[in-house]
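Before any comments, here is the structure.
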Amino acid sequence: MSTDREAILRRLKTKLYRDENPITDAFSRLQAPPLNIIPKRGANDLKNKVKNFIEEAEMADATVTKIEGLASLPKVITHYLASQNLPTGIRVADSLVDVNWGSQPLLSVKKGRAKGTDLVGVSRAFAGVAETGTLIYLSGEENPSTLHLLPPTHIAVLMEKDILGNYENAWTNVRLKCEKNAEGATSLPRAVSWVTGPSRSGDIEQTLLLGVHGPQRLHIVVVGNG
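Per the numbering used here, the sequence shown starts with residue 663, numbered consecutively.
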């Protein structure tokens with residue numbers, strides 16, 4: 663190998679921060695991900711994170727209701743459905759098994775994966791991001807992705823304590839939540855969904871339409887610690 667060629671490759675290796683053990687380096691980055699530049703607006707206390715989240719979510723055409731505890735959830739959902747002239751049949755995630763749905767006799771509750779005939783899906787968000795009003799869902803048996811993708815109306819249940827400042831915090835919590843394999847790498851769920859507002863598209867004649875690829879309505883219920 664010529665001296666010039668060696669010099670070029672050496673410079674490339676230096677610029678790419680690579681040594682003779684790229685696999686070891688890759689595992690190190692996975693176990694201790696480097697931090698990026700984080701926007702300052704996400705670095706608030708919980709009260710302001712909740713405020714920012716609601717403002718950003720509403721700017722993205724979602725609607726938001728804040729309640730003190732899960733005991734109020736059935737009543738709030740009943741009122742929301744009535745305000746939108748929607749039927750009272752809902753498909754809910756098993757992750758909301760502790761909710762007393764029977765407190766609202768008008769609700770017709772089914773559990774499990776959403777089907778094509780379901781008009782309203784209710785699921786629990788893993789986290790919310792104050793920076794953009796984004797919801798995060800982890801797929802799994804207790805929280806099927808179909809619930810927030812298939813029905814034309816989706817109701818997201820988000821615990822106040824799960825509202826984070828930025829995407830970096832959210833990914834950190836995802837890694838902490840998920841199991842690690844024998845090598846120490848995170849085993850992520852099949853789908854990690856990031857949802858900001860209702861589904862929309864401007865592909866057709868540059869006209870913005872809601873509900874093209876997913877729910878037309880997104881209602882978020884932020885649950886306090888009560």
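Note that beta-carbon positions come from the ideal geometry of N, C-alpha and C, so glycine has one too.
Please read these numbers as outputs of a predicted model, since none were measured by experiment.
Nearest-angstrom Cβ-Cβ length linking residue i and residue j, presumed shorter than 8 Å
i: Lys773; j: Asp760; result: About 13 Å separates the two Cβ atoms, so there is no contact after all.
i: Leu820; j: Val884; result: 5 Å
i: Val854; j: Ile817; result: At roughly 20 Å, the Cβ-Cβ gap does not stay under 8 Å, so Val854 and Ile817 are not in contact.
i: Gly859; j: Asp723; result: 5 Å
i: Gln766; j: Arg879; result: Contact flag wrong, Cβ pair sits at about 19 Å.
i: Ala719; j: Gly795; result: 3 Å
i: Lys711; j: Ile825; result: 5 Å
Per-residue burial, residue i [other beta carbons within 10 Å of its own, 16 or more giving buried]
i: Asn714; result: buried
i: Arg786; result: buried
i: Asn805; result: buried
i: Ala744; result: exposed
i: Asn828; result: buried
i: His810; result: buried
i: Leu735; result: buried
i: Leu838; result: exposed
i: Pro695; result: exposed
Which residues DSSP lists as bridging residue i, in chain order
i: Thr796; result: Val791
i: Ala818; result: Ser785 and Ile882
i: Arg753; result: Lys772 and Gly783
i: Thr727; result: Val883
i: Leu758; result: Note: Leu758 sits in no beta bridge, so no partner.
i: Leu826; result: Val791
i: Trp856; result: Ile798
Delimiting residues of the beta strand (DSSP E) encompassing residue i
i: Trp833; result: Counting along the chain, Trp833 falls outside any beta strand (DSSP E), though it belongs to the alpha helix (DSSP H) covering Tyr829 to Lys839.
Endpoints, alpha helix (DSSP H) assigned at residue i
i: Ser745; result: Leu735 to Ser745
i: Thr808; result: Thr808 to Leu811
i: Lys709; result: Leu708 to Met721
6 Å CB neighbourhood of residue i in its chain, flanking five on each side removed
i: Arg753; result: Lys772, Ala776, Asp780 and Gly783
i: Leu942; result: Given a span of 663 to 888 for the chain in the structure shown, any question on residue 942 remains unanswerable.
i: Val857; result: Leu797
Interface flag, residue i vs chain D, CB-CB below 8 Å
i: Pro701; result: Considering every chain present, this structure includes no chain D. It has just one protein chain.
Residue i beta carbon near the ligand NAP (any heavy atom closer than 7 Å)
i: Leu797; result: The ligand NAP is not part of this structure, which contains no ligands at all.
Cut-off 7 Å between Cβ atoms - residues of its own chain near residue i, not counting five sequence neighbours on either side
i: Leu748; result: Leu781, Val782 and Thr815
i: Arg852; result: Ser801
Chain-order list of residues whose beta-carbon lies under 8 Å from that of residue i (same chain, five-residue window excluded)
i: His881; result: Ala724, Thr725, Val726, Thr727, Tyr742, Thr815, His816, Ile817 and Ala818
i: Glu830; result: Leu697, Asn698 and Ile700
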